[in-house]
Amino acid sequence: MRVTVLDHPLVAHKLTVLRDKDTTSPVFRLLVEELVTLLAYEATRQVRVEPVEIETPVTRTTGVGLSKPRPLVVPILRAGLGMLEGMTRLVPTAEVGFLGMARNEDTLDIITYAERLPDDLTGRQVFVLDPMLATGGTLREAIKFLYRRGAEQITCICLLAAPEGLAALEEELGDSEVSIVLAARDERLNEKSYIVPGLGDAGDRLYGVVD
Ligand code: URA
1 MRVTVLDHPL VAHKLTVLRD KDTTSPVFRL LVEELVTLLA YEATRQVRVE
51 PVEIETPVTR TTGVGLSKPR PLVVPILRAG LGMLEGMTRL VPTAEVGFLG
101 MARNEDTLDI ITYAERLPDD LTGRQVFVLD PMLATGGTLR EAIKFLYRRG
151 AEQITCICLL AAPEGLAALE EELGDSEVSI VLAARDERLN EKSYIVPGLG
201 DAGDRLYGVV D
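All residue numbers for the sequence shown refer to the UniProt record's numbering, where the first residue is 1 and numbers rise by one.
And the structure:
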């Protein structure tokens, strides 16, 4: 497992505004999109391309185009949905699948409540979008699910991660090819498994509180 924390002043600046409890939902959504576009630039470093012949106004030359099958982007509902626009802005021809996973706040168990993905992901490059890597439980279940379908390379794009969640993932998936790209590695989890300093509940801040 490889973890990359994007060390860039613009990322740090946008993240600071995102964390601020007084930042409104519309601004929060915009910042998430912008941050994901920056993270996606790093996360897609290994995306597969193939040679493409083109003609410029001056001469023929060989460039590159994204290989087929296209990369598959999988936002984890609900909060991952807020990251989709920022990702597809950078990779507009990517295919998109959906995985609905939620944490039971009492038991911390992960349940899969929705899934819209190809049955066969053999050889596919998959980009999972999940803003908060807290205990690591949701991502672990999502990654296992995608590997069972045959995914070859899995890259997870997260805004924040807690060291506890990263360590748990490393223990279970340490030997795998999984890559994690983050805007920041935070200090710790609190007693309710929220990331500290964090930004609160990402889904609520994106979309408002749903009871
Ligand atoms: N999910 C969130 O939205 N925030 C956290 O801090 C942890 C999990």
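Idealized CB from N, CA, C, for every residue including glycine.
Check	Outcome
Less than 8 Å separating the Cβ of Y207 from some heavy atom of ligand 1?	no
Rounded to the nearest angstrom, how far is the Cβ of I195 from that of L189, given a contact under 8 Å?	6 Å
Would the C-beta of L139 count as close to ligand 1, meaning under 8 Å from any of its heavy atoms?	no
Could you work out which residue in R78, E95, V126 is closest to R103 when comparing CA atoms only?	R78
Return yes when the C-beta of D201 is under 8 Å from any heavy atom of ligand 1, and no when it is not.	yes
Excluding sequence positions up to five away, which residues of its chain have a Cβ less than 6 Å from the Cβ of P92?	none
Jot down the residue ranges of each uninterrupted alpha helix (DSSP H) in the stretch 98 to 176, minimum 4 residues, whole runs only, in chain order.	137 to 148, 163 to 173
Using the three-state DSSP reduction, which class does V52 fall into: helix, strand or coil?	strand
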